[in-house]
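Numbering (mature numbering (1 follows the signal peptide of the UniProt record, and there is no 0)), first residue to last: -41 to -1, 1 to 759. Heads up, the beta-carbon is just placed ideally off N, CA and C, and yes, glycines get one too. Only a predicted model underlies this, so the values are computations on that prediction, with no experimental measurement involved.
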Amino acid sequence: MTTTTTTKPGSRSAAMLSRHLHSYLIALIVLVSCCLDRIDSWTPDVLTKSYITYDNTIPAFFGNSTDYFKLLDQDDNSILIGARNALYNISLDRLIEQPSQRVTWTSSDAHRELCTLKGKADQDCQNYIRVYARLGANKIMLCGTNAYKPLCRYYNLLPGNGSIAYDNNEMEALGRCPYNPLHNSTYVFTDGHLYSATVADFSGADPLIYREPQRTEQYDSKQLNQPAFVSAVEHNGYVLFFFREVAVEYMNCGKAIYSRVSRVCKNDKGGPHPLNDRWTSFLKARLNCSIPGEYPFYFDEIQSTTNTINGFYGGDTNQIIYAIMTTPENAIGGSAVCAFAIQDILDAFEGSFKWQQSINSNWLQVPQNQVPEPRPGKCVDDSRTLPKASVNFVKMNTLMDSSVRSLHSRPVFTRVSLLYRLSAITVDPQVKALDGKTYDVIFVGTNDGKVIKFVNIMSSDSTDEVKTVTISETQAFPIGTKVNEMTISKKSKKLIVISNGKIISLPLSNCNEHEFKSCRKCLELQDPYCAWDDENRECRNTDELHQSSRTIGRFFQRLDGSNINEICKKYDQRDQRQHKAEENDVYMRVDGSGSAEKDNPLETKNIVIIQGTVTSVGSVDIDNEIPKSSIEGSVLTNKIGSHPYHHKTDTLITENVSIASISWHFGIVLVLFSIIIGIIIGYCSTQWAIKKQSFHSSEHRNQLNWHHTKNLSMLSQNRTGGKDVNLLMNTNTGNQYHTQQQAIVQQLQQHHQNNMKDNIDFDFKDRSVECKNSTENLEKDISKGMGTLQKTPQLKTFKP
């Protein structure tokens, strides 16, 4: 006899659902634990002191977004901007163009027609000026893309008004100027020669570092492998190029992009024939910008650099370069600023070489006995006399084994954001503070229109430790507009910010703003430009101070954040009275829990909350405007205002920051906990439905008794005078329903005894049983108890 076991479909589905829910619960628990472990790891390293935005009254120079502005030269009074078919000379004080010194240079009709035949759009077939070189006191050279056929022209500077005239002399700019204005190219003009890093063909497949007639090897990935050039600087007898490229030493493990610095000698004349047009001194090394640890976290893609800065760094006088480094585009959005000493870069080129013995071998250090003499890559008096063995060795082994470490062996500034990355940098070097120390004030721009200002303060007990102080964030351009370049005008004390089609001028500091009028707020800003004037009780710019022995004692500045309480404690009582007076002006608390008394209840301060900072920015009539609240730091208003961050633990600002931090963690846990509860409830409901379906063959489903429904309808008609009412019905058991019905009848009888007067309080108490739908009756009830509801354009208020 064969026994067959039959499994009900409901049982099989229940088992499958149980297994799936068990897997989901385990995955959610793991996700919660990972989120809680990683949230604090990706929070910003430092908090910004103030957030600033400006209106349209700041100086600005406007163009089109397709002009692709590029900074070419600068002096104390003006800047030269290369653009589409023009070179602009713009004054630094008010950003006004000087028309007499404009150069207009358009491509010929033949060149534009040829560009169109090659498949380019009309916008691309223009002349974008990318290279400027001053050949002498009265002669300059300009190079432009010239409709995808690069060309250079020579101009004369006329005496008198300084106008520029074309001298009818031009030459091809192959290897000197890019074909496309968006191509990452760079150049430097020094000692009468133009050193350029660009491409030498229409498609951009032939990158090169060029100084006529020397160039890098053509189509050689060991020298240049799909590079994106960033900048070039001159140092003594060398020219240094900074770029990023696909790492050839990582090709056996995958594809990665590394940051590089390369070096060529100025006196390199090429090798012996037939290598007289090739570099004999071209070497390159990796730039190491990483957060140290057992497994360092690297910022591998260089985006922008500063010029060489002379100063006191690492306990000694040194020359450094600041560089912006980012993570890859498809990685977590991270950016960092690293400082590299010029001497560390030069030392890397004196170390061991890296090579790959065969195509399947790893990249290893070249044994010292295989390095020929004289050492390849060194600067010599006449490179044409070098032996071919040295020239061929440096041709095949240009990569150095050791990388260039960053100053302090870590970034001086990091920022993690899913909304933007750092894109441009400039520095006001060696700003002298009141204590006699010097600080580099660094400005970095983002691809989302922001300008971030910060300073690094060295630790007093160790030269390797620095403290980063982020002073301000300014929304310079509309959100989504990339900051391409920045420069500083020392004479006018302005920061010049450049995008594709707009140039603006910002002040270097905001010491005189209303938000920093108190002693504590001024000193907590930790800005080298700002100092507290104890005599006049105001925050002043250090450039305005007359620092004599008689007056210097009245100014205070604490860039390290120490002794602020001791200096400002005499102002605390007055600041508390002022703070209390400002609290009385607030119409409603930040959490909405109440209001304060004031003389005029129809006017209030406009409160702006930006990342835990509460600032009053103006008064507004509440009849016509709803007060602003909960504005994120990246979404700024059009009024001038900065919002300082305070470190006091007994203030509302600190509490808001703590609450925001706790709410962030609590919100994630609450959402995930709700999902888990929902899954459990869904599982229980499914089990109950399966059991009910299996029991359906023996018993009928409980239904609502017709008598109860009829009685309930009669009650609703007696309560509302025949109008429809939505009822929230309980269908559990008959006894519970009769108990509820009796309670409703008792309440209705009491209501009829009060002459059928609708009571608003009764409605609120009885809201769990019934909900009124008649807007007409609601307005009538409110008019009896609270007055007439009137509408205003922006805010509804109750007027008695």
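Item: Only counting the same chain, and skipping five residues up and downstream in sequence, which positions put a Cβ closer than 6 Å to that of residue 452?; Value: 467
Item: Whole angstroms are fine: how far does the CA of residue 264 sit from the CA of residue 86?; Value: 26 Å
Item: Please confirm whether residue 478 and residue 514 have their CB atoms less than 9 Å apart.; Value: no
Item: Just reading off the alpha helix (DSSP H) that residue 305 is part of, what are its end residues?; Value: 301 to 307
Item: How about residue 414 and residue 518: do their beta carbons lie closer than 9 Å?; Value: yes
Item: Are at least three pairs of beta-carbons, each pair with one atom in the stretch 281 to 291 and one in the stretch 308 to 328, less than 8 Å apart?; Value: no
Item: Starting from residue 527, trace the alpha helix (DSSP H) both ways and give me its first and last residue.; Value: 523 to 527
Item: Distance, Cα to Cα, residue 337 vs residue 240?; Value: 6 Å
Item: Tell me whether residue 297 is buried or exposed, calling it buried when 16 or more other Cβ atoms sit within 10 Å of its Cβ.; Value: buried
Item: Which runs of the alpha helix (DSSP H) fall wholly inside the stretch 191 to 238 and span at least 4 residues, in chain order?; Value: none
Item: Measure the C-alpha to C-alpha separation of residue 93 and residue 150 and round it to an integer number of angstroms.; Value: 11 Å
Item: Express the C-alpha separation of residue 162 and residue 351 in angstroms, rounding to a whole number.; Value: 29 Å
Item: What does DSSP give as the partner residues of residue 33 in its beta bridges?; Value: 38
Item: In the DSSP assignment, what residue or residues form a beta bridge with residue 319?; Value: Note: residue 319 sits in no beta bridge, so no partner.
Item: Between the Cα of residue 190 and those of 225, 208, 154, 184, spot the shortest distance and give me the residue it belongs to.; Value: 154
Item: By the 10 Å Cβ neighbour count, where 16 or more other Cβ atoms means buried, how is residue 630 classified, buried or exposed?; Value: exposed
Item: Mapping DSSP to helix, strand and coil, what is residue 487?; Value: coil
Item: If you reduce the DSSP assignment to three classes, tell me which class residue 390 lands in.; Value: strand
Item: Identify which residue in 364, 276, 354 has its Cα closest to the Cα of residue 303.; Value: 364
Item: If we count the other Cβ atoms within 10 Å of its Cβ and call it buried at 16 or more, is residue 359 buried or exposed?; Value: buried
Item: Considering residue 126, what are the terminal residues of the beta strand (DSSP E) in which it resides?; Value: 123 to 131
Item: Alpha carbon to alpha carbon, how far is residue 213 from residue 231? Give it in angstroms, no decimals.; Value: 37 Å
Item: Please list the terminal residues of the continuous beta strand (DSSP E) segment that includes residue 149.; Value: 145 to 149
Item: Kindly indicate which three-state DSSP category residue 277 falls into: helix, strand or coil?; Value: strand
Item: Give the range of the alpha helix (DSSP H) segment to which residue 48 is assigned.; Value: Per DSSP, residue 48 belongs to no alpha helix (DSSP H); it is in the beta strand (DSSP E), 45 to 50.
Item: According to DSSP, simplified to helix, strand and coil, what is residue 159?; Value: coil
Item: Can you tell me whether residue 450 is buried or exposed? The criterion is at least 16 other CB atoms within 10 Å of its CB, across all chains shown.; Value: exposed
Item: Rounded to whole angstroms, what is the Cα-Cα separation between residue 642 and residue 635?; Value: 11 Å
Item: What residue from 18, 23, 222 has the CA that sits closest to residue 353's CA?; Value: 222
Item: When the distance is taken between beta carbons, is residue 95 closer than 9 Å to residue 136?; Value: no
Item: Evaluate residue 171 with the Cβ neighbour count: other Cβ atoms within 10 Å of its Cβ, from every protein chain shown; 16 or more gives buried, anything less gives exposed.; Value: exposed
Item: Between residue 494 and the rest of its own chain, which residues show a CB-CB distance below 7 Å, the 5 nearest in sequence each way excluded?; Value: 513
Item: Output the distance between the C-alpha atoms of residue 330 and residue 224, rounded to the nearest integer angstrom.; Value: 20 Å
Item: What residue range does the beta strand (DSSP E) around residue 428 cover?; Value: 425 to 434
Item: Starting from the Cα of residue 488, find the closest Cα among 439, 400, 374, 455 and give me that residue.; Value: 400
Item: According to DSSP, simplified to helix, strand and coil, what is residue 60?; Value: helix
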